[in-house]
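Some notes on the structure that comes next.
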Amino acid sequence: MQINVVSDVHYQLEGLAAAADGADLFICLGDLVLFLDYDDPDNGIFSDLFGPANTERYIRLRSAKRFEEARAFGRELWESIGADPWQEISQRVGEQYEQLFSAMPDGLLTFGNVDVPAMWPGHAGDGHRIVDGESIVIDDIRLGFVGGGLRTPMRTPFEISDEDFQAKVDRLGPVDVLCSHIPPAVGEICYDVEARRLERGSVALRRYIEEFQPRYALHGHVHNPLVPAVTIGRTQVLNVGHFRRRMRPFELFL
7 MQINVVSDVH YQLEGLAAAA DGADLFICLG DLVLFLDYDD PDNGIFSDLF GPANTERYIR
67 LRSAKRFEEA RAFGRELWES IGADPWQEIS QRVGEQYEQL FSAMPDGLLT FGNVDVPAMW
127 PGHAGDGHRI VDGESIVIDD IRLGFVGGGL RTPMRTPFEI SDEDFQAKVD RLGPVDVLCS
187 HIPPAVGEIC YDVEARRLER GSVALRRYIE EFQPRYALHG HVHNPLVPAV TIGRTQVLNV
247 GHFRRRMRPF ELFL
């Protein structure tokens, strides 16, 4: 069985429609939206609204972990254009989702931390199955899905409490393949070498892996990990890659 997996699409339409080619199953681990492009400040919703120069300044503040200053600067920018932030952002997110779901192959999808779950059902097609906090069986392979991220100073749209995240993990039961947006809390797979920061991984996922030992644990979220894979007991923990940059899926053979 060949499973093609993408994560951190971030409005990368090129290659998306072909991402399931040759696969028996397609999986997307979320982060479809491109709000802020750290690699290229000319791209993304923030840049469309406020321009590349303001985007560069905002990115510098966030990268330096000066989050309160970044939020204050953001408020100034919104006041300067006299727009309601949520109304403006939701419209632009909806426009991205319309194109992304039109290009997305049929398969199983879960949310990333920058996604807006409430908007997915209005854009997903008949062949898209949204899975979060549950396990399903495909061709005798049991797959478990845990979407979203944990709370951080970044305050991205789908960050939830540790307790709510734990509750989703607790509903899974034993699986063959664990699919999540964020990684388990293991330092070397959580550290992003380009952003030069430790992304927040999940202790609940790590404990789940230690207890149930799925064959594979797949995740995204960390765009440039110090290492792309680790082993926890018998489980291979694999970062499926930053699709916006790779423009090709990760292929898993079972």
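Residue numbers (my numbering): 7 to 260. Every residue gets a Cβ at the ideal spot worked out from N, C-alpha and C, and that includes glycine.
>> Checking 8 Å against the spacing of the C-beta atoms, do residue 232 and residue 188 come in under that value?
In response: Contact: no.
> Looking only at C-alpha atoms, which of 197, 237, 227, 184 sits nearest to residue 250?
Replying inline: 227
>> Less than 8 Å between C-beta atoms, sequence neighbours within five positions excluded: which residues of the same chain meet that for residue 30?
In response: 7, 8, 9, 145
> Leaving out the 5 sequence neighbours to the left and right, which residues in its chain are closer than 6 Å to residue 133 when beta-carbon positions are compared?
Replying inline: 112
> Do you know offhand how far residue 164's Cα is from residue 259's?
Replying inline: 30 Å
> For residue 54, which of helix, strand or coil comes out of DSSP?
Replying inline: helix
> Hey, residue 199 and residue 245: beta-carbon distance below 8 Å or not?
Replying inline: At the C-beta level, residue 199 and residue 245 stay beyond 8 Å of one another.
> Are the CB atoms of residue 120 and residue 190 nearer to each other than 8 Å?
Replying inline: no
>> Considering only the alpha carbon of each residue, which of 118, 203, 202, 114 lies closest to residue 183?
In response: Residue nearest to residue 183 within the set 118, 203, 202, 114 is 114 (criterion: CA-CA distance).
>> Under DSSP, the beta strand (DSSP E) around residue 85 begins and ends at which residues?
In response: In the DSSP annotation of this structure, residue 85 is not part of any beta strand (DSSP E); the continuous alpha helix (DSSP H) holding it starts and ends at 73 to 87.
> Which one or two residues does DSSP pair with residue 150 in a beta bridge?
Replying inline: 141, 184
> Do residue 55 and residue 87 have their C-beta atoms within less than 8 Å of each other?
Replying inline: yes
> Which word fits residue 143, buried or exposed, when buried means at least 16 other C-beta atoms lie within 10 angstroms of its C-beta?
Replying inline: exposed
> Who are residue 34's beta bridge partners in DSSP?
Replying inline: DSSP, once it has assigned bridges, lists 12, 115 as partnering residue 34.
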